[in-house]
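The structure under discussion appears below in the form of C-alpha cells.
Numbering (the numbering used here), first residue to last: 13 to 186.
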C-alpha cells in the first residue's frame, strides 16, 4: 500500500508539491532533530539531476546523500547503470570519503554504526519471522541485507525508469 502511494505521489507533480508543503512532515523532521530530510533532499536532487542529463552533479548529490544517511546506498545499482565511469568514480570516491571516517570514529560498542547494526530492525514483522526461523539475530540481519541487495541489484539491472528503480530499492530496504 505504501509503495503504491509512493509511486502515485511520484507520478504527480501536484501531489508531490502538496506533500512538500504539508507542515506535518517538516515539523516531524525538525522537531525530532532528524537529519533524514537532508538525505532525502539530496537523493531527490540526485534523481532529478541524473534524469535531466547532469550526471556528474547527480553522482555528487547521491554521494552526499549516502554520506548523510546509509539508506541511499541501496539505490546505487539503480544509478550505476546510468552513470559513466567518471560519475561512478565521483560517487564512490565522495561517499567513501564521507562514510569511512564515520565508520572509523564509531567503533564503540554503545554508539555509532556498530550499535546501529546490532539493533537494526526494519520491517519488524518480516524481521521477527526471520529471527524466529533462524534463531540468530546476526544471521537474520545478514539474510535481510542479502535479500535487500538482491532486490536492489535486480531492480538496478532492469529497464525501468531511474525513479521507479530508486523507489523500489528504497521500498525493499524499508
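Ideal placement from N, C-alpha and C gives every residue a C-beta, glycine not left out. Being a predicted model, the structure only gives us computed values, none of them experimental.
Pairwise C-beta distances place the region 72 to 88 out of contact with the region 141 to 158, as fewer than three of them are shorter than 8 Å. In the structure shown, residue 97 falls within a helical segment according to DSSP collapsed to helix, strand and coil. Rounded to whole angstroms, the separation of the alpha carbons of residue 169 and residue 159 is 15 Å. Across the set 71, 67, 186, 55, the C-alpha of 186 shows the shortest separation from the C-alpha of residue 139.
Classified as exposed, residue 171 has fewer than 16 neighbouring CB atoms from the shown chains inside 10 Å of its CB.
The Cβ-Cβ distance between residue 80 and residue 50 falls below 8 Å.
A buried status is given to residue 142, since no fewer than 16 other beta-carbon atoms sit within 10 Å of its beta-carbon.
In the DSSP assignment, residue 179 falls within the alpha helix (DSSP H) that extends over 174 to 185. Closest in C-alpha terms to residue 103, from the list 115, 113, 116, 84, comes 84.
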